[in-house]
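Protein chains in written order, with our numbering: chain R, 292 to 536; chain D, 111 to 442; chain H, 786 to 1076. For every residue, glycine included, the Cβ atom is placed at its ideal position computed from N, Cα and C.
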Amino acid sequence: MPILEGQGVTKYFGGLAAVSNVDFHVDQGEIVGLIGPNGAGKTTLFNLISAAFPISSGEMRFKGHKLNGLKPHQICKLGVSRTFQETKVFANISVLQNVLVGAFFGTPTRVSAADAAREASQALEFVGLTAMSALPTKDLTMVNQKRTEVARALATKPELLLLDELMAGLTPAEVSEAMELVTRIRDKGITVFMVEHVMKAIIGICGRIIVLHHGEKIAEGTPQEITANKTVIEIYLGEETHAGS
Amino acid sequence: MDISKFTSKKSLLVAGLVLAILVFLATFPTYGSNSEVGIWVTILMYIILTVSWVMFSGTTGYMSLAVAAFFGIGMYTAAFLYPKSGPLLPLPAVVIMGGLVSFVFALLTGLVTLRLKGMYFAIFTFGFSVLLYHLMVYYELQIIGYRGQRLTPITNVTAFYILIIVMVLTLLAAYLIRRSRLGLAMQSIGESEDAAAHMGVNTTMVKVITFAISAFFMGAAGAALAPKWEYIDPSVAFNMFYSFMPVLMAVFGGMRELYGPVIGAAIFAYTERTLRLRFPYYYMLSFGIALILIIIYLPGGLTGLVPTLKDKLGGVIARLRKGGQSDRHANT
Amino acid sequence: MDKATIVWVIISGLLNGSIYALIAMGLSIQYGVAKVLNLSHGEFIMVAAWLTFAFFTSFGINPLASAAITAPLFLGIGFLIHRTIFTTLRKRAPTPAAFEGNSLLVAFGLLYVVQNIALLIWGGKPRAYFWLTSGVDILGVRFALNNVIALAVAVALGVAFYVFVNRSRLGKAIRAAAQDPATAGLMGININWVLPLCFGLGALLAGIAGLLLSMCYSISTFMGIGYTVIALIVVALGGLGSIPGSFIGGFILGIVGSIVVQFESALSMVAFYALLMILLVARPKGLLGKT
């Protein structure tokens, strides 16, 4: 049952097609990985889904709703939330306040202050940041800032979570922790679509992987199928891959 | 709401201080001279303008240079509703109308320009007061045939009391907004507008509403002052100076805390009043230099020094206790 | 409109437009490369106008000759101002966005500094001087010779500047620095020279614009803000940071102004603003804007 699907998704920047005619789908309850060399169009695709910028042509639907023409805050209220490749926490306010933004504004109906506070503390507990909730977010380590982003996104009560290079820059131990966190998110009933370079994570937790190259989808399948795929191996030869193990 | 927040020792102290100041201000005209009251009128005016400016530009990071425009709109609203030929409405209603007309203008212009990048907004607001100046000159010269408007005069004391009320309302609004989810939304926009939008914040509406609210108080202040000045014309009402001074005062005072703009406005307003009489050309020049220096060397303003001072003081105190053990107590 | 009016609209539109183009290109290069939205731009125009006036009335040096002093002077002053004030700001700003916001406010302060220095030197009353005011016949309509010369100079300088930015090596370096200062630095372009240089070039254009304006119109210490607003409108119309956009936008505004003046002389600024609002709604990136 696809919770998110796209047909012919294309995005031009000037004359260059960053994403070209991509068909994709994500089924409810999956953890789907999106991989490809640098510049393949992965984050661009995420930005199209979350409406950070408008699509050039093609169609995307979330739970049957057409996403074309919607603004980011509307897509969030529909049930899609995300984290960012370059961490975009609200640096000068506390961790709790970061997550409160998601709790207050991420849902389609208005929430009371009490409900928002409860959502926020639950989200913080889920990612393990309760002890740091009063600290200014800029004082946190990079790992914990990423956790803050995840908690903030979770506070919007999403049905689909887009994770953009969550594991970038993490130590192997932190990668394992993050993998466990993502699995727990899926177990809560949230579908996960994740862009990743860290192969250990992709192979470890994704049920299905989509591979982009030069903006086009060149392969799709289970981790076993993808790791055996000749084309995929070729395009990664000479690319810096994080084996992560 | 959490009541315990309001009964803590610090809150009671602050409330007591505010009350004392209000009592002082309320009784001042009985023992102060007319010119002293006049100085206070200027100070109150600048406090209102500065706090309103910080309400929007301080948190969202969108630099509005249009204070003069909304101030002037309020003034001209008063000129139409409280003319020398006879007031059309009682004074309090005129002040409210001044605020409302500015509010509507801000709403409309905000809807058009706040969807765009901050720089376009700054450009638009900078020229807005110039545009209104030209429009009003045209209107006065071509349509009604004479320049300037005369109003039914009010005394310094009347203006003083009206401005106190407007100031209290402005501060109250600023305080409540800060504490509210609107204030949180504004801060999130200032930190990362992209992320805020993706977390469900309708950034355009938040910006527009806050912009309009801040314009309301600027217009109310203008409507209160025009009758005191008795005569206004476009070069008085839409003078870019009224966009410049709140910026200077806010940057000097610091924008992080609510009292920063108040202190900055009070200090510079008093300075302006006294310098303007003695060094009419030099004082504006020095203010320009002051703004440049403050932005470069003191970007957090006066109140931005407070955390640094608190840290240093805390360090000193900690070292004086228990010989050498540097406990880092969390700041209250 | 009869033929004479049309000729007048076109020629005076070109005159104003070419000067607007110079002013706007100056502002554009200061924002596009040095990332400073220079709200004090108009004050530099005003000072140049006064200097030209002073050179002519006190020393008898004609405006075109005094350009030999004004041009390098303004280039140098612009360079110095950026090298001292804005470079310091750039080094201390936590993020590029903070720098843009701060430099905007600093420029606002600079506005008052320059304007009040000029007030102290030259006072607040409008003045004018008269040079080459004899009439010249163009297609049956009489124009002052100084206006025609100003037009020629402005167009020539505008085209030259446009070509310089697009074709020359230094121009390429400038455009690279505008696109991506970090990478440009890696390619051997010295940011610490290019940024102040561009700010200086912007000031130079303002200086020449002020010089030309003083030839054609009366000047006052308060004329600056109006020209800053016009420059801002042109730059927003043409797209923030786009030199070609500023060039074309300036001429468009010049012609629009001349047309509006036919019907209602006081409303040209209003017309410009209306044009800006319409464009901001319809095409937020401007005529030829970069993102």
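- Take alanine 935(H) as the anchor and find which of Tyr805(H), Ala789(H), Phe829(H) has the nearest alpha-carbon. Position 150 of the third sequence holds residue 935(H). Per the Cα distances, Tyr805(H).
- Query: Would a check of beta-carbon distances place asparagine 847(H) closer than 8 Å to chain D?
  - Reply: Working through the third sequence from its first residue, we reach residue 847(H) at position 62. It does not: the Cβ of asparagine 847(H) has no partner Cβ on chain D nearer than 8 Å.
- Item | Proximity of leucine 996(H) and proline 848(H) at Cβ, strictly below 8 Å | For the purposes of this step, residue 996(H) is identified with residue 211 of the third sequence, where counting begins at 1. For the purposes of this step, residue 848(H) is identified with residue 63 of the third sequence, where counting begins at 1. Yes, the pair counts as a contact, with Cβ atoms nearer than the cut-off.
- For the segment 373 to 394 of chain R, which residues have a beta carbon sitting closer than 7 Å to at least one beta carbon of chain D? Arg373, Phe375, Lys379, Phe381, Ala382, Asn383, Ile384, Gln388, Leu391, Val392, Gly393
- Item | glutamate 525(R) - DSSP class collapsed to helix/strand/coil | As a working mapping, residue 525(R) is identified with position 234 in the first sequence. DSSP places glutamate 525(R) in helix when its eight states are reduced to three.
- Message: So, for isoleucine 1040(H): in the same chain, excluding its five sequence neighbours on each side, which residues have a beta-carbon less than 8 Å away from its beta-carbon?
- Response: For the purposes of this step, residue 1040(H) is identified with residue 255 of the third sequence, where counting begins at 1. Answer for isoleucine 1040(H): Val794, Ile795, Gly798, Leu799, Gly802, listed in chain order.
- Query: Buried or exposed: alanine 136(D), going by 16 or more other Cβ atoms within 10 Å of its Cβ?
  - Reply: Locating residue 136(D) in the second sequence gives position 26, where the first residue counts as 1. Burial call: exposed.
- Item | Selected residue, minimal CA-CA separation from valine 147(D), among Leu159(D), Thr169(D), Leu129(D), Asn266(D) | Reading the second sequence from its first residue, position 37 is the one you call residue 147(D). Nearest C-alpha to valine 147(D): Asn266(D).
- Residue range of the alpha helix (DSSP H) that isoleucine 496(R) falls in? Here residue 496(R) corresponds to residue number 205 of the first sequence, with the count starting at 1. First-last of the alpha helix (DSSP H) with isoleucine 496(R): 490 to 496.
- Query: Going by beta carbon distance, what residues of the same chain come within less than 6 Å of phenylalanine 181(D), once the five residues before and after it are set aside?
  - Reply: Numbered from 1 along the second sequence, position 71 holds the residue referred to as residue 181(D). Cβ within range, chain order: Met328, Gly332, Tyr352.
- Query: Does the Cβ of glutamine 1047(H) have 16 or more other Cβ atoms within 10 Å, making it buried, or fewer, making it exposed?
  - Reply: The residue you call residue 1047(H) lines up with position 262 of the third sequence. With fewer than 16 other Cβ atoms within 10 Å, it is exposed.
- Task: Would you kindly work out how many angstroms separate the C-alpha atoms of alanine 334(D) and valine 164(D), rounded to a whole number?
- Result: One-based indexing of the second sequence puts residue 334(D) at position 224. One-based indexing of the second sequence puts residue 164(D) at position 54. Approximately 21 Å, taken between the alpha carbons.
- Check whether the Cβ atoms of alanine 819(H) and glycine 1034(H) sit closer than 8 Å, and answer yes or no. Locating residue 819(H) in the third sequence gives position 34, where the first residue counts as 1. Locating residue 1034(H) in the third sequence gives position 249, where the first residue counts as 1. Not closer than 8 Å, so no.
- threonine 413(D) vs tyrosine 369(D) beta-carbon contact at 8 Å: Looking up residue 413(D) in the second sequence gives position 303. Looking up residue 369(D) in the second sequence gives position 259. Cβ atoms of threonine 413(D) and tyrosine 369(D): closer than 8 Å.
- Got a sec, what are the start and stop residues for the beta strand (DSSP E) arginine 499(R) sits in? By 1-based counting over the first sequence, the position of residue 499(R) is 208. Looking at the DSSP string, the run of the beta strand (DSSP E) that includes arginine 499(R) is 499 to 504.
- Query: Which one of Val1055(H), Leu824(H), Ala856(H) has the shortest CA to CA distance from isoleucine 233(D)?
  - Reply: Working through the second sequence from its first residue, we reach residue 233(D) at position 123. Nearest of Val1055(H), Leu824(H), Ala856(H) to isoleucine 233(D), Cα basis: Leu824(H).
- Task: With alanine 442(R) as the anchor, note down where its alpha helix (DSSP H) starts and where it stops.
- Result: On the first sequence, residue 442(R) is found 151 positions in, with the first residue counted as 1. From DSSP, the alpha helix (DSSP H) with alanine 442(R) extends over 433 to 446.
- Inspect the beta-carbon positions of alanine 178(D) and phenylalanine 378(D) and report whether they are closer than 8 Å. By 1-based counting over the second sequence, the position of residue 178(D) is 68. By 1-based counting over the second sequence, the position of residue 378(D) is 268. Against a cut-off of 8 Å, the Cβ pair of phenylalanine 378(D) and alanine 178(D) comes out as no contact.
- Query: Which residues in the same chain have their Cβ closer than 7 Å to the Cβ of valine 361(D), if we skip the five residues on either side of it in sequence?
  - Reply: Sequence index remark: in the second sequence, residue 361(D) carries index 251 (1-based). Same-chain partners within the cutoff: Leu401, Ile404, Ile405, Gly411.
- Query: Would a check of beta-carbon distances place tyrosine 1012(H) closer than 8 Å to chain D?
  - Reply: Here residue 1012(H) is taken as the residue at index 227 of the third sequence, counted from 1. Cβ-Cβ to chain D under 8 Å: no for tyrosine 1012(H).
- Message: Against chain D, with Cβ distances strictly below 8 Å, would glutamate 828(H) count as a contact?
- Response: The residue labelled residue 828(H) in the question sits at position 43 within the third sequence. No, no contact with chain D.
- Task: Report the rounded CA-to-CA distance for glycine 894(H) versus glycine 398(D), giving the unit in angstroms.
- Result: Within the third sequence, residue 894(H) is the residue found at index 109, counting from 1. Within the second sequence, residue 398(D) is the residue found at index 288, counting from 1. Rounded to whole angstroms, glycine 894(H) to glycine 398(D) spans 4 Å at the Cα level.
- Task: Would you please verify whether the beta carbon of alanine 343(R) is less than 8 Å from any beta carbon of chain D?
- Result: Here residue 343(R) refers to the residue found at position 52 of the first sequence. Closer than 8 Å to some Cβ of chain D, the Cβ of alanine 343(R) qualifies, so yes.
- Query: How close, in whole Å, do the beta carbons of methionine 309(D) and glycine 397(R) come, if the pair is a contact with beta carbons under 8 Å?
  - Reply: Along the second sequence, one-based indexing puts residue 309(D) at 199. Along the first sequence, one-based indexing puts residue 397(R) at 106. The Cβ separation is near 5 Å, so the contact holds.
- Task: Please name the residue in Val523(R), Leu503(R), Leu451(R) whose C-alpha comes closest to that of asparagine 312(R).
- Result: Residue numbering aside, residue 312(R) sits at position 21 when the first sequence is read from its first letter. Out of Val523(R), Leu503(R), Leu451(R), Leu503(R) has the C-alpha closest to the C-alpha of asparagine 312(R).
- Task: Find the residues of chain D that neighbour arginine 877(H), judging by a C-beta separation of less than 9 Å, and give them in chain order.
- Result: Taking the first residue of the third sequence as 1, we reach residue 877(H) at position 92. Correct list: Ile406, Tyr407, Pro409.
- Hey, is the segment 424 to 435 of chain R in contact with the segment 447 to 455 of chain R, meaning 3+ C-beta pairs nearer than 8 Å? no
- Message: Is there a C-beta anywhere in chain D that falls below 8 Å from the one on glycine 506(R)?
- Response: On the first sequence, position 215 is the one that residue 506(R) refers to. Not closer than 8 Å to any Cβ of chain D, the Cβ of glycine 506(R) fails to qualify, so no.
- Item | Whether alanine 330(D) touches valine 161(D) by CB criterion (8 Å) | The count along the second sequence starts at 1 and reaches residue 330(D) at position 220. The count along the second sequence starts at 1 and reaches residue 161(D) at position 51. Cβ distance not < 8 Å, so alanine 330(D) and valine 161(D) don't count as in contact.
- Give, in chain order, every residue of the segment 311 to 338 of chain D whose Cβ lies closer than 8 Å to some Cβ of chain R. Val311, Asn312, Thr313
- Message: Quick check on DSSP: helix, strand or coil for aspartate 343(D)?
- Response: Here the question's residue 343(D) lines up with position 233 in the second sequence. Coil at aspartate 343(D), not helix or strand.
- Query: To which residues does DSSP link phenylalanine 315(R) through a beta bridge?
  - Reply: Start at 1 with the first residue of the first sequence, and residue 315(R) comes out as number 24. Beta-bridge pairing links phenylalanine 315(R) to Gly297(R).
- Task: Using a Cβ-Cβ cut-off of less than 8 Å, list which residues of the segment 381 to 408 of chain D approach chain H; keep chain order.
- Result: Tyr391, Tyr392, Met394, Leu395, Phe397, Gly398, Ile399, Ala400, Leu401, Ile402, Ile405, Ile406
- Message: Applying the 10 Å Cβ sphere with the 16-neighbour rule, what's the burial state of lysine 379(R)?
- Response: Walking along the first sequence from the start, residue 379(R) turns up at place 88. With 16 or more other Cβ atoms within 10 Å, it is buried.
- List the whole-angstrom C-beta distance separating valine 151(D) from alanine 269(D), where the pair is believed to meet the contact cut-off of C-beta under 8 Å. Here residue 151(D) is taken as the residue at index 41 of the second sequence, counted from 1. Here residue 269(D) is taken as the residue at index 159 of the second sequence, counted from 1. The pair is a contact, with the Cβ atoms about 5 Å apart (cut-off 8 Å).
- Query: Taking glutamine 365(R) as the reference, which of Met229(D), Leu226(D), Val311(D), Met315(D) has the closest Cα?
  - Reply: Here residue 365(R) refers to the residue found at position 74 when the first sequence is read from its first residue. Selected option, being the one with the closest Cα: Val311(D).
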